[in-house]
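J.:
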Amino acid sequence: MAAFHEEIDVDRSPGEVWAYLSDPSHLPEWQKSAVSVEQLDDSPFGLGSRIRITRHVGRRDVPLTMRVTEFEPPRAWSMRGIDGPVRGRVHGEVTPLPDGRTRVTMDLDFEGHGLGRVLIPLVVRPQVRRELPENERLLKERLERTAR
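First residue of the sequence shown? That's 17 in my numbering, and the numbers climb one at a time after it.
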């Protein structure tokens with residue numbers, strides 16, 4: 017079971033939601049700790065792609081590399097951290113609702129390496145717990161305002 021499980025319903029079609037979420041350049045628009053994102057591969061974003069996300073964690077900006085481990089348009093994606101002391105694991109799903117809206121489900125957890133084992137409970141999880149409600153609000157707002 018993931019450390020964090022979140023669901024939000026959005027007043028947009030699954031295709032519009034997928035188009036927004038599957039473009040990693042949007043992360044800083046709705047994730048408070050995401051400072052910047054850079055795709056590290058020349059090919060279109062998808063299975064196997066790598067991105068470098070610089071996140072503000074505690075008092076520092078930390079670059080983290082993630083690899084896409086699942087990519088099933090327009091339904092699901094997963095990414096896994098491949099470097100650094102704190103490596104995130106995220107799984108997301110886009111589900112159509114009967115009323116034409118869309119449910120976004122995200123599961124997030126972390127794996128610590130070295131100092132990361134200490135940072136996860138002391139810094140990372142508390143920061144994520146504080147930020148998640150704002151991230152959800154921003155995601156819903158961005159999707160409902162800009163997806164069409």
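Every residue, glycine too, gets a C-beta built ideally from N, C-alpha and C.
Please read these numbers as outputs of a predicted model, since none were measured by experiment.
(1) So, R103 versus F87, is the Cβ gap smaller than 9 Å?
(2) Quick check: the segment 34 to 44 against the segment 129 to 138, are at least 3 beta-carbon pairs closer than 8 Å?
(3) Given a cut-off of 9 Å on the beta-carbon distance, is the pair V139 and G64 in contact?
(4) Please state whether DSSP places P89 in a helix, a strand or coil.
(5) In angstroms with no decimal places, state the Cα-to-Cα distance between K156 and P101.
(6) Counting C-beta neighbours from all protein chains within 10 Å, is the total for I69 16 or more, i.e. buried, or is it exposed?
(7) I'd like the span of the beta strand (DSSP E) that includes P60, first residue to last.
(8) Could you check how far apart the C-beta atoms of R66 and T81 are, in whole angstroms? I think they sit under 8 Å.
(9) Which residue wins for smallest C-alpha separation from R71, given the options P44, P89 and P90?
(10) Considering only the beta carbon of each residue, do V120 and V33 sit closer than 9 Å?
(11) If contacts are defined as beta-carbon pairs under 8 Å, then P90 and G31 qualify, I think. What distance do you get, rounded to the angstrom?
(12) Which residues in the same chain have their Cβ closer than 7 Å to the Cβ of M95, if we skip the five residues on either side of it in sequence?
(13) Would you check if the distance between the CB atom of F20 and the CB atom of L159 is smaller than 9 Å?
(14) Could you compute how far the alpha carbon of D27 sits from the alpha carbon of R161?
(15) Go ahead and label I98 buried or exposed: buried means 16 or more other beta carbons lie within 10 angstroms of its beta carbon, across all protein chains shown.
T.: In short:
(1) Taking 9 Å as the Cβ cut-off, R103 and F87 do not qualify as a contacting pair.
(2) Taking a cut-off of 8 Å on C-beta distances, the segment 129 to 138 does not touch the segment 34 to 44, as fewer than three cross pairs fall below it.
(3) no
(4) Correct three-state label for P89: coil.
(5) 31 Å
(6) buried
(7) It is not in any beta strand (DSSP E) - P60 carries neither H nor E in the DSSP assignment.
(8) 6 Å
(9) P44
(10) For V120 and V33, yes; Cβs fall inside 9 Å.
(11) Confirmed, Cβ separation roughly 6 Å.
(12) M82, R83, V84, T85 and V106
(13) In this structure, the beta-carbon distance from F20 to L159 does not fall below 9 Å.
(14) The C-alpha of R161 is placed about 10 Å away from the C-alpha of D27.
(15) Within 10 angstroms of the beta-carbon of I98 lie fewer than 16 other beta-carbons, which makes it exposed.
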